[in-house]
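Residue numbers (my numbering): 2 to 367.
Beta carbons: idealized from backbone N, C-alpha and C, even for Gly.
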């Protein structure tokens, strides 16, 4: 690649095809590239082999490293930054052979605070469950999003999630493809800021073998030591609070933006049913909303009067709770795949829209 510093009429520096531009004694010059006849040296062959190893490994996670290495390590970041970093730090040379050291490999790098008390377990043969502490430092936001990666470094196959669940949720899952069946995969996690301005270093969690069809599924789990010390811990529960809250005192509520809510309404709503039984995660979330004054304190947790909306893909469930004022509601959104609450939205229903095509409009909070 060549660079033109003085416009199209000026000279250039660098290589274009078989032509090289350069400047000497104040004059712009060009010359052709001579053909090389000497064979590559042993050092050159070794360098090419290492470069190819890193490039082939990163090719299966291109879109992930564009986020994870944005503005990091090199001037342009992204793919070039990931290749440069991992070739320098992650390649392990053993004689004429070379391989990727999983503990030094990175798909993300930056200054954002990482996650603490991180664990990963094989929930079923095609699903990994990640858990982490929701307590964080002052520089982190509960709305930071996690990036998840399971990669077969030997076979150059991977499954990943570039924009996963929120930091404040404390959990997320990664669906595994058939390409990883029967393989030993390296597991990583990282965090990207909610405004995409920065990201954290990726954290290596360990290796797991993904069972094949002939294998008996055995529950596997990796527990990681705390990544870093926390600066602000979640306070201890107040005596006398319900047992449900004491069990999950680090539970964080998340108010969804208009765009985040729309992403859960991208499909047609097919039914609305009366809420009957709610899981502990949902009950805890509703209790927290009551504590924050978003719901009436006298709303019972048992026999809750509410409507549940389902989409045609069954991706999300919307629990509509009336707050006691006319035509005003709090909508609690649950991800049916992870069984975790995604967040809530304070709203009023638009007139003329029934449950068959549910949409919301914002309303001012009390």
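Query: Under the DSSP definition of a beta bridge, which residues are partnered with residue 17?; Result: 20
Query: With which residues is residue 317 paired in a DSSP beta bridge?; Result: 336
Query: Report, in whole angstroms, the separation of the C-beta atoms of residue 123 and residue 209, which I expect to be a contact under 8 Å.; Result: 6 Å
Query: Between 62, 88, 9 and 58, which has its C-alpha nearest residue 47's C-alpha?; Result: 88
Query: CB residue 18 to CB residue 31, shorter than 8 Å?; Result: no
Query: List the endpoints of the continuous beta strand (DSSP E) containing residue 176.; Result: 172-176
Query: Would you identify the three-state DSSP class for residue 229, choosing helix, strand or coil?; Result: The pLDDT assigned to residue 229 is 40, lower than 50, so where the model puts this residue is not dependable; a value taken from the coordinates is nonetheless given after this. Coil, per DSSP.
Query: DSSP on residue 223, reduced to helix/strand/coil?; Result: strand
Query: Under a Cβ-count criterion, where at least 16 other Cβ atoms within 10 Å of its own Cβ denotes burial, should residue 43 be classed as buried or exposed?; Result: exposed
Query: Please report how far the alpha carbon of residue 309 lies from the alpha carbon of residue 318, in whole angstroms.; Result: 7 Å
Query: For the region 97-110 against the region 167-186, do three or more pairs of beta-carbon atoms, one drawn from each stretch, fall closer than 8 Å, so that the two count as touching?; Result: no
Query: Rounded to the nearest angstrom, what separates residue 92 and residue 11 at their Cα positions?; Result: 42 Å
Query: Rounded to whole angstroms, what's the CA-CA distance from residue 151 to residue 332? Just pull it up for me.; Result: 34 Å
Query: Taking just the CA atoms, how far does residue 80 sit from residue 63?; Result: 7 Å
Query: According to the neighbour-count rule (16 or more other Cβ atoms, all chains shown, within 10 Å of its Cβ), is residue 38 buried or exposed?; Result: exposed
Query: In the DSSP assignment, find the unbroken alpha helix (DSSP H) run with residue 84 in it and report its ends.; Result: 79-90
Query: To the nearest angstrom, report how far apart residue 113 and residue 344 are at their CA atoms.; Result: 23 Å
Query: If you run the structure through DSSP and keep just helix, strand and coil, what is residue 330?; Result: strand
Query: Grab me the residues of residue 5's own chain with a C-beta within less than 7 Å of its C-beta, minus the 5 sequence neighbours each way, in chain order.; Result: 11 and 13
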